[in-house]
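> Just so we're aligned, residue 188 is where the sequence shown starts under our numbering, counting upward by one. Where a beta carbon is used, it is the ideal one built from N, C-alpha and C, also for glycine. Since we're looking at a predicted model, the values are computed, not measured. Just dropping this structure here.
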Amino acid sequence: MNNAPALNSHYDVVIVGARCAGAATAMLLARAGARVLVVDRQAYGSDRLSTHALTRGGVLQLYRWGLLDRILHAGTPPVRSITFHYGDDALRVPIKPDVGVDLLCAPRRTVLDRILVDAATEAGAEFRHGVSLTALHTRSDGRVTGVQLQDARRIALNVRAGMVIGADGRQSMVARLAGARSFATAHHATAAVYGYFKGMPEDGFHWYYRPGVAAGALPTNGRAHCVFTCVRQSEFENRFRSNLQGGFHAALEDSDPTLARAVRAAMPPDRLYGFAGAQGFMKTAHGRGWALVGDAGYFKDPLTAHGITDALRDAEILARAVLQGNERALALYQAERDALSRDLFEITDRVASFEWDLDEMKALHLDLNQAMRTEVRHMAAVSPRVAVAA
Numbered sequence: 188m189n190n191a192p193a194l195n196s197h198y199d200v201v202i203v204g205a206r207c208a209g210a211a212t213a214m215l216l217a218r219a220g221a222r223v224l225v226v227d228r229q230a231y232g233s234d235r236l237s238t239h240a241l242t243r244g245g246v247l248q249l250y251r252w253g254l255l256d257r258i259l260h261a262g263t264p265p266v267r268s269i270t271f272h273y274g275d276d277a278l279r280v281p282i283k284p285d286v287g288v289d290l291l292c293a294p295r296r297t298v299l300d301r302i303l304v305d306a307a308t309e310a311g312a313e314f315r316h317g318v319s320l321t322a323l324h325t326r327s328d329g330r331v332t333g334v335q336l337q338d339a340r341r342i343a344l345n346v347r348a349g350m351v352i353g354a355d356g357r358q359s360m361v362a363r364l365a366g367a368r369s370f371a372t373a374h375h376a377t378a379a380v381y382g383y384f385k386g387m388p389e390d391g392f393h394w395y396y397r398p399g400v401a402a403g404a405l406p407t408n409g410r411a412h413c414v415f416t417c418v419r420q421s422e423f424e425n426r427f428r429s430n431l432q433g434g435f436h437a438a439l440e441d442s443d444p445t446l447a448r449a450v451r452a453a454m455p456p457d458r459l460y461g462f463a464g465a466q467g468f469m470k471t472a473h474g475r476g477w478a479l480v481g482d483a484g485y486f487k488d489p490l491t492a493h494g495i496t497d498a499l500r501d502a503e504i505l506a507r508a509v510l511q512g513n514e515r516a517l518a519l520y521q522a523e524r525d526a527l528s529r530d531l532f533e534i535t536d537r538v539a540s541f542e543w544d545l546d547e548m549k550a551l552h553l554d555l556n557q558a559m560r561t562e563v564r565h566m567a568a569v570s571p572r573v574a575v576a577a
C-alpha cells in the first residue's frame with residue numbers, strides 16, 4: 188500500500204481520516220506511546236473545502252503542541268486584528284495576548300493538514316493515503332474490533348484494533364457503519380462561494396454582514412486572501428448555479444461595495460469553489476470500540492468559521508479519553524465535547540438563519556465571543572499531558 192512497509196495485523200488505534208481532526212488525534216496518541224494507523228482516501232497534502240480561520244482556541248492548541256511556529260514558518264500570515272463590518276459601520280478588534288496566544292491565523296489546508304500529518308509521523312503514527320474503509324469488524328456482542336481496508340489497487344486488508352476512530356468528515360462511513368445517532372440537527376444552513384485572490388492588503392480578518400448576505404476576507408498562504416460570500420442555502424440555485432462568478436461578485440457587492448472593488452482589482456483566482464450548504468448535526472460520539480472526532484460527530488454551519496478549532500479541541504479531549512482506556516472516559520469525552528459545543532452550535536444556527544437585523548447580529552457576536560471565551564478558558568486549564576511534544 189502506497190509503496191510503504193506492510194501494515195501490522197493489530198494496532199492500538201486505527202483512525203479513518205487524516206485531516207486536521209484525525210491527524211491531530213493520531214499525533215497525540217502516538218506521542219503518548221500508542222500504536223496508531225491512520226488511513227485516508229485522499230492524497231497526502233491535498234486541498235480541501237475549508238473556512239481556514241482559526242479562533243484563539245485553535246491557535247492555542249497548535250501552540251501547546253509545538254506546531255504554531257511551523258504554521259507561521261510556512262508563510263501563514265499572523266493576524267493581529269479582526270474587523271466586523273455591520274452594514275456601513277466597522278468595528279476593529281485587536282488580538283490581545285491571552286493564554287500564551289497573541290495572534291490568529293488562517294492556514295491553507297495544504298499547509299495545516301500536512302504539518303499535522305508530519306508531526307504525527309514523527310511521533311510514530313503510520314499513515315496510508317489512497318486507502319479506504321470498506322467495513323468494520325465486530326464481535327458477536329457488537330463491539331468493534333477492527334477494520335477492512337481497500338487500497339487503490341482494490342486489494343483488501345483486514346486490521347485488528349483496540350479502538351477505531353472516525354475522523355472522516357460529515358458523511359463519515361465510520362459513523363454510518365457504527366450506527367452513530369444524531370441527537371441534534373440544525374434548522375438552517377448557508378451556501379457559500381469562495382476563491383483565493385492575490386494583491387489585497389494584509390490587515391487582519393474582515394467579516395461583512397448585511398441582511399441576507401455575509402462575506403469575509405482572510406489572509407492565508409501564498410500571499411493570497413480567501414474571500415468568500417454566503418447566502419441562505421435556498422438561494423444557491425438562483426444566485427450561483429448558472430453563473431458562479433457573476434453570482435459571487437454580485438453577492439460581494441451586496442455585502443460591501445468596498446470589498447467588491449478590492450476583489451475586482453486583485454489578481455483573479457484560477458477558479459471559484461461553491462458549497463451548496465449542509466445541515467449541522469451533533470451525533471453520539473462513541474460506542475463499544477469506536478469513537479468519532481471532528482465533523483464526523485459534530486458539524487455546524489461554516490459561517491462562524493469554528494470548525495477547525497472544534498477539531499483540534501476535540502482531538503485532545505478524545506486522545507485523553509482513549510489513553511484512559513475505558514468506556515467511562517469515552518462517555519466523559521462526549522459530555523465535555525457537548526458542553527463546549529452546545530452554545531456554539533445554537534448560536535451558529537441563528538447566524539445561519541439570516542433572520543436577523545444588524546443590531547441582532549452584533550448581539551449574536553457577543554454571545555459567540557462569550558462561548559469561545561468559555562471554551563478557551565476550559566482548554567487552557569486542562570493539563571497538557573497528551574498535548575506537548577515528547
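So, A492 versus Q420, is the Cβ gap smaller than 8 Å?
Position 305 of the sequence shown, counting from 1, holds the residue named residue 492. Position 233 of the sequence shown, counting from 1, holds the residue named residue 420. No, the pair does not count as a contact, with Cβ atoms beyond the cut-off.
> May I have a chain-ordered list of the beta strand (DSSP E) segments no shorter than 3 residues that lie completely inside the region 365-417?
As far as the region 365-417 is concerned, its whole beta strand (DSSP E) runs of at least 3 residues are 369-372, 377-385, 392-397, 400-407.
> Going by DSSP, what residue range makes up the alpha helix (DSSP H) through Y250?
Position 63 of the sequence shown, counted from the start, is the residue given in the question as residue 250. Unbroken alpha helix (DSSP H) run through Y250: 243-251.
> Per the contact definition of three or more C-beta pairs closer than 8 Å, is the region 396-409 in contact with the region 457-474?
No: fewer than three Cβ pairs fall under 8 Å.
> Can you look up Q557 in the DSSP assignment and give me helix, strand or coil?
By one-based count along the sequence shown, residue 557 stands at place 370. If DSSP states are grouped into helix, strand and coil, Q557 belongs with the helices.
> Which residues share a DSSP beta bridge with C207?
Residue numbering aside, residue 207 sits at position 20 when the sequence shown is read from its first letter. Paired residues: none, contrary to the question.
> Could you tell me the boundaries of the alpha helix (DSSP H) in which L255 lies?
Locating residue 255 in the sequence shown gives position 68, counting from the first residue. Run containing L255: 255-260, per the alpha helix (DSSP H) assignment.
> If I measure Cβ to Cβ from D245 and keep anything under 6 Å in the same chain, skipping five residues before and after, which residues do I get?
For the purposes of this step, residue 245 is taken as residue 58 along the sequence shown, with counting starting at 1. Sequence check: residue 245 is Gly here, not Asp. Hits under 6 Å: I495, T496, L499.
> Based on Cα-Cα distance, which residue from Y231, P264, C413, A208 lies nearest to E380?
Here residue 380 is taken as the residue at index 193 of the sequence shown, counted from 1. Sequence inspection shows Val at residue 380; the Glu mentioned does not correspond to that position. Ranking Y231, P264, C413, A208 by Cα distance to V380 puts C413 first.
> Using DSSP with H/G/I as helix, E/B as strand and the rest coil, what is F541?
Mapped onto the sequence shown, residue 541 falls at position 354. DSSP places F541 in coil when its eight states are reduced to three.
> Counting Cβ pairs, one atom from each stretch, are 3 or more of them under 8 Å apart for the region 382-393 and the region 524-540?
Segments in contact, no.
> Please go through the same chain and pick out, in chain order, the residues whose beta-carbon is closer than 7 Å to the beta-carbon of A411, but skip the five residues on each side of it.
The sequence position of residue 411 within the sequence shown is 224, counting from 1. Contacts found: Y383, F384, K385.
> Would you check if there are 3 or more beta carbon pairs closer than 8 Å linking the region 348-362 to the region 469-489?
In short, these stretches touch, since the Cβ pair count reaches three.
> Using three-state DSSP, classify D305 as helix, strand or coil.
For this step, residue 305 is matched to residue 118 along the sequence shown. Helix, per DSSP.
> Which residue comes first and which comes last in the alpha helix (DSSP H) that contains H436?
Counting from 1 along the sequence shown, the entry for residue 436 is found at position 249. 431-442 is the extent of the alpha helix (DSSP H) around H436.
> Taking the CB atoms as reference points, tell me whether P294 and I258 lie closer together than 8 Å.
Stepping through the sequence shown from its first residue, residue 294 is reached at position 107. Stepping through the sequence shown from its first residue, residue 258 is reached at position 71. Closer than 8 Å, so yes.
> Kindly list the residues whose CB is nearer than 8 Å to the CB of V280, restricted to its own chain and excluding five residues on each side of it in sequence; keep chain order.
Numbered from its first residue, the sequence shown carries residue 280 at position 93. Once the five neighbours on either side are set aside, the close Cβ partners of V280 are S268, I269, T270, F271.
> Decide yes or no for the touch test of the region 308-327 against the region 208-221: beta carbon pairs closer than 8 Å, at least 3 of them.
Counting Cβ pairs under 8 Å, three or more are found: they touch.
> So for A472, helix, strand or coil by DSSP?
Locating residue 472 in the sequence shown gives position 285, where the first residue counts as 1. In the structure shown, A472 sits in coil (DSSP, three-state: anything other than H, G, I, E or B).
> Please classify M454 as buried or exposed, where buried requires at least 16 neighbouring CB atoms within 10 angstroms.
Here residue 454 refers to the residue found at position 267 of the sequence shown. When all chains shown are included, M454 counts as exposed.
> Which value, in whole angstroms, describes the spacing of the CA atoms of V639 and V203?
The displayed coordinates of the chain run from 188 to 577. Any statement about residue 639 would go beyond what the structure contains.
> Kindly indicate the opening and closing residues of the beta strand (DSSP E) around V223.
As a position in the sequence shown, residue 223 is number 36, starting the count at 1. Taken as a continuous stretch (DSSP letters only), the beta strand (DSSP E) holding V223 covers 223-227.
> Could you tell me if P192 is buried or exposed, where buried requires 16 or more neighbouring beta carbons within 10 angstroms of its beta carbon?
For the purposes of this step, residue 192 is taken as residue 5 along the sequence shown, with counting starting at 1. Answer is exposed; the Cβ neighbour count stays below 16.
> Check whether the region 233-247 touches the region 276-290, taking contact to mean three or more Cβ pairs, one atom from each stretch, closer than 8 Å.
Enough Cβ pairs lie closer than 8 Å, so yes.
> Along the chain, where does the alpha helix (DSSP H) containing A277 start, and where does it finish?
Along the sequence shown, one-based indexing puts residue 277 at 90. Note, A277: premise wrong, no alpha helix (DSSP H); beta strand (DSSP E) at 276-281.
> Assuming T325 is part of the beta strand (DSSP E), what are its boundary residues?
Mapped onto the sequence shown, residue 325 falls at position 138. First-last of the beta strand (DSSP E) with T325: 319-325.
> Determine the burial state of H239: buried for a count of at least 16 other Cβ atoms within 10 Å of its Cβ, exposed for fewer.
Taking the sequence shown and counting its residues from 1, one reaches residue 239 at position 52. The residue in question, H239, is buried, as its Cβ has 16 or more Cβ neighbours within 10 Å.
> In this structure, does DSSP put Q337 in helix, strand or coil?
As a first step, residue 337 is located in the sequence shown; it is residue number 150 there, counting from the start. Note: Q337 maps to strand in three-state DSSP.
> Following the continuous alpha helix (DSSP H) through L510, name the residue where it begins and the one where it ends.
Taking the first residue of the sequence shown as position 1, residue 510 is located at position 323. Start and end: 494-511.
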